[in-house]
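Chains A and B, in that order, give the protein sequences. Note that the UniProt record's numbering has the first sequence beginning at 1, numbered continuously upward. Note that the UniProt record's numbering has the second sequence beginning at 1, numbered continuously upward. For reference, the structure discussed in these notes is given below.
Protein chains: 2
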Amino acid sequence: MPAKRPPVPLSRERIIEAALHIADSQGLRRLTMRRLGDALQVEAMAIYHHLPRGKDALMDALAEHVTAVHAEPADSWQESARAWCRASRAALREHPGVLALALTKPPKGRAAIALMEQTEQLSDAGLPDPAQAVRALRAYVFGSVAVEVQRSGWADSPADGAEPWRPPSAGGGSAAADADFEHGLDALLAGLNPRRTEAER
Amino acid sequence: MPAKRPPVPLSRERIIEAALHIADSQGLRRLTMRRLGDALQVEAMAIYHHLPRGKDALMDALAEHVTAVHAEPADSWQESARAWCRASRAALREHPGVLALALTKPPKGRAAIALMEQTEQLSDAGLPDPAQAVRALRAYVFGSVAVEVQRSGWADSPADGAEPWRPPSAGGGSAAADADFEHGLDALLAGLNPRRTEAER
DNA sequence: ACCTGAACACCGTTCAAGT
DNA sequence: ACCTGAACACCGTTCAAGT
């Protein structure tokens with residue numbers, strides 16, 4: 001019987017991946033340094049070598065991971081905004097276990113950079129207050145995902161599956177939620193428009 | 001020297017009040033059964049007599065407390081909706097320490113009842129899909145409070161004051177946030193309107 | 001009925017030590 | 001450089017016991 005040497009060395013990425021899996025399948029309160037070590041086939045203390053600030057650093061990294069979305073600028077600012085709103089929603093929905101962190105922790109690192117890029121895209125398109133527009137769009141994504149995940153009852157039974165998460169498919173399920181999201185997004189984008197009609201007459 | 005007998009007996013209300021104070025001033029992660037006991041001048045184990053399911057029950061109670069807002073029905077459904085949106089926002093802003101719970105935990109008890117009341121108010125006003133309207137309004141409140149609290153950097157320094165919380169008053173502070181909120185709320189309410197103009201012609 | 005004390009299993013983090 | 005083992009202070013929760 002061959003002696004087991006850790007096949008793949010520990011890394012920040014592998015730690016975050018494993019942490020997301022635990023949080024999504026068992027809930028944030030069960031995400032523990034020791035359990036995380038077990039999942040990675042390593043003593044919990046080894047994690048500190050890759051995340052020096054310990055659990056706080058882990059929480060920050062999780063929030064950043066699920067919140068730092070990048071989307072290529074499109075033809076119109078509306079399409080650009082639509083793209084990263086959809087991407088943000090998808091990322092948040094995929095990881096309900098860290099949603100509380102994502103909605104609550106101020107953006108840092110790559111998340112903060114992504115925010116700046118988005119603001120710049122809207123600024124280049126000539127929007128009068130691009131920062132405010134980005135805030136409004138972020139608020140929309142945050143709010144709709146929060147309500148959707150709340151409604152799914154995820155927080156009540158976070159121990160069912162190992163997969164990312166599947167909204168209750170029958171009756172008021174994912175398709176209706178998607179339609180609601182797109183509909184509200186359209187309305188918001190229309191509201192953000194520097195009302196061309198008014199200026200033209 | 002008179003012997004100190006606990007002056008006021010422990011109660012569910014006093015426990016929740018103290019817990020909110022700790023969460024808002026020090027952060028949710030520092031809200032501990034033992035610390036809570038200290039704040040209440042009692043051994044931690046005494047709390048279990050009033051909250052049998054322990055810390056889980058406490059978390060539920062906190063989410064419910066900050067999320068169960070009641071507002072009297074007004075003349076129009078718009079004014080009713082405006083009233084409880086404002087009340088919800090105020091309650092959430094007052095307690096940033098439990099915002100993560102409020103946005104994440106499915107509504108129970110008085111919170112669920114408040115939701116039903118709101119749906120009924122919109123239903124009585126003849127809105128085609130009152131449940132969806134309530135969801136949209138809730139999402140709006142959740143999202144705007146989330147970005148506002150995030151922006152305030154509260155999660156980065158939850159140890160500064162004992163008072164509920166004061167948004168950074170200078171430069172993009174509370175007044176601008178209020179105006180943004182009202183403006184967006186107007187737009188949303190307009191969008192929810194069963195477009196009278198279209199039906200009339 | 002309401003609270004305490006001791007106990008148990010578990011947690012985050014440190015530090016010296018191993019390789 | 002990367003990981004382990006032992007240790008420390010702290011945590012949630014139980015249970016029998018006190019009043």
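We treat Cβ as the ideally placed atom computed from N, Cα and C, and that holds for glycine. Predicted model only: the values in this text are computed from it and were never measured.
- Mind pulling the chain A residues with CB within less than 8 Å of B/A146? If you number the second sequence from 1, residue 146 of chain B lands on position 146. Listed along chain A are L103, T104, A139, F142, G143 and A146, each with a C-beta nearer than 8 Å to that of B/A146.
- Specify the secondary structure class of B/T32 as computed by DSSP and reduced to three states. The count along the second sequence starts at 1 and reaches residue 32 of chain B at position 32. B/T32 falls in the coil class under three-state DSSP.
- Cutoff 8 Å; reference B/L123; Cβ partners in own chain excluding five residues on either side: Taking the second sequence and counting its residues from 1, one reaches residue 123 of chain B at position 123. According to the sequence provided, residue 123 of chain B is Ser. The question's Leu does not apply to it. So the qualifying residues of the chain are P130.
- Could you tell me whether any Cβ in chain A is nearer than 8 Å to the Cβ of B/A61? Reading the second sequence from its first residue, position 61 is the one you call residue 61 of chain B. Interface with chain A (8 Å Cβ-Cβ cutoff): B/A61 is excluded.
- Query: So, helix, strand or coil for A/L127, using DSSP?
  - Reply: Taking the first residue of the first sequence as position 1, residue 127 of chain A is located at position 127. Assignment of A/L127 by DSSP, reduced to helix, strand and coil, places it in the coil class.
- Cα-Cα separation between A/Q150 and A/H65, rounded to whole angstroms: Residue mapping note: residue 150 of chain A aligns to position 150 of the first sequence, counting from 1. Residue mapping note: residue 65 of chain A aligns to position 65 of the first sequence, counting from 1. Near 21 Å, if we compare the C-alpha coordinates of A/H65 and A/Q150.
- Message: Can you pull the chain A neighbours of B/Q132, defined as C-beta to C-beta under 8 Å?
- Response: Numbered from its first residue, the second sequence carries residue 132 of chain B at position 132. At a C-beta separation below 8 Å, B/Q132 has these neighbours in chain A: D180.
- Which residue comes first and which comes last in the alpha helix (DSSP H) that contains A/D186? Working through the first sequence from its first residue, we reach residue 186 of chain A at position 186. Taken as a continuous stretch (DSSP letters only), the alpha helix (DSSP H) holding A/D186 covers S174 to L192.
- At a cut of 8 Å, does the region 102-120 of chain B reach the region 94-105 of chain A through at least three beta carbon pairs? Yes, they touch.
- Message: Between B/I15, B/D178 and B/S25, which has its C-alpha nearest B/R34's C-alpha?
- Response: Start at 1 with the first residue of the second sequence, and residue 34 of chain B comes out as number 34. Nearest in C-alpha terms to B/R34, of all of B/I15, B/D178 and B/S25, is B/I15.
- Query: Does the Cβ-Cβ distance between B/S88 and B/V42 come in under 8 Å?
  - Reply: Here the question's residue 88 of chain B lines up with position 88 in the second sequence. Here the question's residue 42 of chain B lines up with position 42 in the second sequence. If you check the CB distance, B/S88 and B/V42 do not come in under 8 Å.
- Task: Would you identify the three-state DSSP class for A/Q41, choosing helix, strand or coil?
- Result: Position 41 of the first sequence, counted from the start, is the residue given in the question as residue 41 of chain A. Three-state result, A/Q41: coil.
- Query: Taking residue 223 of chain A as the reference, which of A/V69, A/R93 and A/A74 has the closest Cα?
  - Reply: There is no way to answer for residue 223 of chain A, as the model of chain A reaches only from 1 to 201.
- Query: What three-state label does DSSP hand B/L10 in the structure shown?
  - Reply: Counted from its first residue, the second sequence places residue 10 of chain B at position 10. B/L10 falls in the coil class under three-state DSSP.
- Query: Roughly how many angstroms lie between the CA atoms of B/E182 and B/A83, to the nearest whole one?
  - Reply: One-based indexing of the second sequence puts residue 182 of chain B at position 182. One-based indexing of the second sequence puts residue 83 of chain B at position 83. Looking at the backbone, the Cα of B/E182 and that of B/A83 are separated by about 11 Å.
- Message: I need the straight-line Cα distance from A/G97 to A/E148, nearest angstrom please.
- Response: Here residue 97 of chain A refers to the residue found at position 97 of the first sequence. Here residue 148 of chain A refers to the residue found at position 148 of the first sequence. Just so you know, the alpha carbons of A/G97 and A/E148 end up roughly 14 Å apart.
- Item | Contact set for A/G27: own chain, Cβ-Cβ below 8 Å, skip 5 residues either direction | Taking the first sequence and counting its residues from 1, one reaches residue 27 of chain A at position 27. These residues qualify, in order along the chain: G97, A155, P158 and A159.
- Query: Exposed or buried, what is B/A90 when buried is set at 16 or more other beta-carbons lying within 10 Å of its beta-carbon?
  - Reply: Numbered from 1 along the second sequence, position 90 holds the residue referred to as residue 90 of chain B. It counts as exposed.
- Message: Quick check: the Cα distance between A/A187 and B/A179, rounded to an integer number of angstroms?
- Response: Your numbering for residue 187 of chain A matches position 187 in the first sequence. Your numbering for residue 179 of chain B matches position 179 in the second sequence. Going from the Cα of A/A187 to the Cα of B/A179 covers about 19 Å.
- Message: Counting only C-beta atoms, is A/G109 closer than 8 Å to chain B at any point?
- Response: For the purposes of this step, residue 109 of chain A is taken as residue 109 along the first sequence, with counting starting at 1. A/G109 does not count as touching chain B.
- Task: Could you check the C-alpha separation between A/I47 and B/S76 for me, to the nearest Å?
- Result: Looking up residue 47 of chain A in the first sequence gives position 47. Looking up residue 76 of chain B in the second sequence gives position 76. Roughly 57 Å between the two C-alpha positions.
- Compute the Euclidean distance between the alpha carbons of B/Q78 and A/H21, then round it to the nearest angstrom. Along the second sequence, read from residue 1 onward, the residue named residue 78 of chain B stands at position 78. Along the first sequence, read from residue 1 onward, the residue named residue 21 of chain A stands at position 21. A direct Cα-Cα distance of roughly 43 Å separates B/Q78 from A/H21.
- Message: Can you look up B/D24 in the DSSP assignment and give me helix, strand or coil?
- Response: Residue mapping note: residue 24 of chain B aligns to position 24 of the second sequence, counting from 1. Here B/D24 sits in helix by DSSP.
- Query: Is the distance from the Cβ of B/A44 to the Cβ of B/L51 below 8 Å?
  - Reply: What you label residue 44 of chain B is simply residue 44 of the second sequence in a count that begins at 1. What you label residue 51 of chain B is simply residue 51 of the second sequence in a count that begins at 1. Taking 8 Å as the cut-off, the beta carbon of B/A44 is found no closer than this to the beta carbon of B/L51.
- Query: Listed in chain order, which residues of the region 26-48 of chain A have Cβ atoms closer than 8 Å to some Cβ of chain B?
  - Reply: Going along the region 26-48 of chain A in chain order, one finds no residue with a Cβ nearer than 8 Å to chain B.
- Query: Are the C-beta of B/R82 and some C-beta of chain A separated by less than 8 Å?
  - Reply: As a position in the second sequence, residue 82 of chain B is number 82, starting the count at 1. Taking Cβ atoms only, chain A never reaches closer than 8 Å to B/R82, which makes this a no.
- Indicate the three-state DSSP secondary structure (helix, strand or coil) for A/I16 in the structure shown. Counting from one through the first sequence, the residue named residue 16 of chain A turns up at place 16. Helix, per DSSP.
- Task: Could you please give the first and the last residue of the uninterrupted alpha helix (DSSP H) stretch that includes B/D75?
- Result: Position 75 of the second sequence holds residue 75 of chain B. From DSSP, B/D75 is part of no alpha helix (DSSP H); its letter is neither H nor E.
- Message: Going by DSSP, what residue range makes up the alpha helix (DSSP H) through A/A46?
- Response: For this step, residue 46 of chain A is matched to residue 46 along the first sequence. Run containing A/A46: none; DSSP gives neither H nor E here.
- Query: Between residue 204 of chain B and chain A, is there a C-beta pair that is closer than 8 Å?
  - Reply: Here chain B covers residues 1 to 201 and nothing more, so residue 204 of chain B does not appear.
- When we look at the beta-carbon of A/R29 and count the other beta-carbons within 10 Å, is it buried (16 or more) or exposed? As a first step, residue 29 of chain A is located in the first sequence; it is residue number 29 there, counting from the start. That one is exposed.
- Message: Output needed for A/M59: all residues of its chain with C-beta closer than 8 Å, excluding positions within five of it in sequence on either side, in chain order.
- Response: Counted from its first residue, the first sequence places residue 59 of chain A at position 59. Taken in chain order, the residues that qualify are L101 and K105.
- In the structure shown, what three-state DSSP assignment does B/P2 receive? In the second sequence, the residue the question calls residue 2 of chain B occupies position 2. Because the pLDDT at B/P2 is just 43, under 50, the model does not fix this residue reliably, and the value given afterwards should be weighed accordingly. B/P2: coil per DSSP, three-state reduction.
- Can you name, in chain order, every residue of its own chain whose Cβ lies under 6 Å from the Cβ of A/G109, other than the five neighbours on each side? In the first sequence, the residue the question calls residue 109 of chain A occupies position 109. Beyond the five residues adjoining it in sequence on each side, A/G109 comes within less than 6 Å, by CB distance, of E64 in the same chain, given in chain order.
- Item | Chain-order list of residues whose beta-carbon lies under 8 Å from that of A/R12 (same chain, five-residue window excluded) | The count along the first sequence starts at 1 and reaches residue 12 of chain A at position 12. H50, L51 and A61.
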